[in-house]
Amino acid sequence: MNIVLTGGTSGLGYRTAKVLGQEIENKIILIGSNKQKGEFSVENLIKQTSNKNISFLQCDLSSISEIKSLAEKLKNTKIDILINNAGALFFSRKESVDKIEKTFALNHLSYFILTNLLLKYKVIKNGGRVVNVASGAHKGVKIDFNNLETKKNYNGWISYKKSKLCNILFTKSLSELTKKNKITVNCLHPGFVKTQFGKNNNSLASLAIKFLMSFFAISVEEGAETIIFLATDNSVKNITGKYFYQCKIKAPSIFAQNQKNADLLWKKSMSIIKNKGLTLT
Ligand SMILES: NC(=O)c1ccc[n+]([C@@H]2O[C@H](COP(=O)([O-])OP(=O)(O)OC[C@H]3O[C@@H](n4cnc5c(N)ncnc54)[C@H](OP(=O)(O)O)[C@@H]3O)[C@@H](O)[C@H]2O)c1
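Numbering-wise (the working numbering), the sequence shown opens with residue 1 and increments by one.
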């Protein structure tokens, strides 16, 4: 199977690549922003799995033009499984090269743009799967659709929570659109997992995450189980539009279940990227 895995160079993504790479017929393309880290990951994964069909494409997924060139590079690949997993938490407010708040740009818009472009180019096979890594952190927040980029009073943790809520709303909308092509779209919470998550921040808060991880986080092996399950398990091949935790369907927050919210997020996301010069239809 042909698998594209964003954020495959560390944490949950790396573990997922390692397990899926053990099936020698799987061809895996890892996406990450750091070339050195990507090449190092490929080298290690090939050693660990003996699968030579593992490669890396560099892309800063917070940049619209870089996602566009990535999608162009993938145009001739027929993808069976797309795993949108790359994500980060930014304790201080940052903007992407497109001047979009970075949590929203990376954690939501990258899933939205990459998947839609690959669908537009008919690169995802009929009967294929899209897996969106969301989080249980989506609970306890709502989205103000007129303030998606939190221009004032930014709080990194709240913005992260909202971006993960976007992943679930996106899953809901996309799964309806891809039903005709029998492409399933599901999302998941991996649990609180010991990874490199939060380490991009030079602050006390990133030390706090590290501290919490050392006591409360589950292993990456356990955390990646639901991603691998949704990507490959036969029992979910006809299930779409759902949120999973520990390989079981769970109800996400009430806000995440609301169709109007999903529609509004879709409309606003389209309009934001259109203002930046990208049309997906
Ligand atoms: N760890 C947890 O407890 C937890 C809980 C719930 C949900 N999640 C979700 O799980 C996903 C994976 O996180 P993780 O915990 O495995 O974190 P991680 O170890 O920090 O891995 C993040 C991955 O994303 C890539 N990435 C980050 N920024 C990028 C960018 N601008 N462009 C392209 N790739 C980028 C990184 O590669 P580069 O450094 O090369 O860019 C790396 O491969 C995230 O979506 C996160 O929200 C994690």
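Note that beta-carbon positions come from the ideal geometry of N, C-alpha and C, so glycine has one too.
Less than 8 Å separating the beta-carbons of F244 and A217? Along the sequence shown, one-based indexing puts residue 244 at 244. Along the sequence shown, one-based indexing puts residue 217 at 217. Their beta carbons are not under 8 Å apart, which means F244 does not touch A217 by this criterion.
Residue environment, K242, which counts as buried when at least 16 other CB atoms sit within 10 Å: Translated into positions along the sequence shown, residue 242 becomes position 242. K242 comes out buried.
Is it buried or exposed for T178, if we count other Cβ within 10 angstroms and need 16 for buried? Locating residue 178 in the sequence shown gives position 178, counting from the first residue. Flag for T178 reads buried.
Can you give me the Cβ contacts of D80 inside the same chain, cut-off strictly under 6 Å, excluding the 5 residues immediately before and after it? Stepping through the sequence shown from its first residue, residue 80 is reached at position 80. Cβ neighbours of D80 beyond the five flanking positions: M1, N2, K125 and G128.
Can you look up L278 in the DSSP assignment and give me helix, strand or coil? For the purposes of this step, residue 278 is identified with residue 278 of the sequence shown, where counting begins at 1. If DSSP states are grouped into helix, strand and coil, L278 belongs with coil.
Report whether the distance from the Cβ of P252 to the nearest heavy atom of ligand 1 is below 7 Å. Along the sequence shown, one-based indexing puts residue 252 at 252. Because no heavy atom of ligand 1 lies under 7 Å away, the Cβ of P252 does not count as near it: no.
Does the distance between the C-beta of N155 and the nearest non-hydrogen atom of ligand 1 fall short of 7 Å? Numbered from 1 along the sequence shown, position 155 holds the residue referred to as residue 155. N155 Cβ: outside cutoff for every heavy atom of ligand 1.
Given that a residue counts as buried once 16 or more other Cβ atoms are within 10 Å of its Cβ, and exposed if not, what is I31? As a first step, residue 31 is located in the sequence shown; it is residue number 31 there, counting from the start. Counting Cβ neighbours within 10 Å, I31 comes out buried, since at least 16 surround it.
Which of helix, strand or coil does DSSP assign to V42? As a position in the sequence shown, residue 42 is number 42, starting the count at 1. Looking at V42 - three-state DSSP - the assignment turns out to be helix.
Can C59 be considered in contact with ligand 1, in the sense that its beta carbon sits closer than 7 Å to one or more heavy atoms? The residue labelled residue 59 in the question sits at position 59 within the sequence shown. Yes, the beta carbon of C59 sits closer than 7 Å to at least one heavy atom of ligand 1.
Relative to the alpha-carbon of F215, which residue among E222, I64 and K194 has its alpha-carbon at the smallest distance? In the sequence shown, the residue the question calls residue 215 occupies position 215. Measuring from the Cα of F215, the nearest candidate turns out to be K194.
So what's V130 in DSSP terms, helix, strand or just coil? Counted from its first residue, the sequence shown places residue 130 at position 130. Here V130 sits in strand by DSSP.
Cβ contact (3+ pairs, closer than 8 Å) linking the stretch 110–122 and the stretch 91–100: no
Under DSSP, the beta strand (DSSP E) around V4 begins and ends at which residues? Your numbering for residue 4 matches position 4 in the sequence shown. Segment N2 to T6, the beta strand (DSSP E) holding V4.
Host beta strand (DSSP E) of L89 (start-end): Numbered from 1 along the sequence shown, position 89 holds the residue referred to as residue 89. Run containing L89: none; DSSP gives neither H nor E here.
Whole angstroms is fine: what's the gap from K164's alpha carbon to K102's? Your numbering for residue 164 matches position 164 in the sequence shown. Your numbering for residue 102 matches position 102 in the sequence shown. Cα-Cα distance, rounded: 13 Å.
Do H108 and C166 have their beta-carbon atoms positioned less than 8 Å apart in this structure? Locating residue 166 in the sequence shown gives position 166, counting from the first residue. Locating residue 108 in the sequence shown gives position 108, counting from the first residue. Yes. Within cutoff.
Per DSSP, H189 is paired with what? Here residue 189 corresponds to residue number 189 of the sequence shown, with the count starting at 1. Answer is Y245, bridged to H189.
CB of K94 to nearest heavy atom of ligand 1: below 7 Å? Numbered from 1 along the sequence shown, position 94 holds the residue referred to as residue 94. No - ligand 1 has no heavy atom lying nearer than 7 Å to the Cβ of K94.
Quick test of your reading: S110 and A71, contact by CB under 8 Å. State the CB separation rounded to the nearest angstrom. Indexing the sequence shown from 1 puts residue 110 at position 110. Indexing the sequence shown from 1 puts residue 71 at position 71. Contact flag wrong, Cβ pair sits at about 11 Å.
Regarding F215 and ligand 1, is the C-beta to nearest heavy atom distance less than 7 Å? By one-based count along the sequence shown, residue 215 stands at place 215. Outside the cutoff, so no.
Candidates K35, S65 and E43: closest to G21 by CA position: One-based indexing of the sequence shown puts residue 21 at position 21. Taking only the C-alpha atoms, the option nearest G21 is E43.
What three-state label does DSSP hand D144 in the structure shown? Locating residue 144 in the sequence shown gives position 144, counting from the first residue. The answer is coil: DSSP assigns D144 none of H, G, I, E or B.
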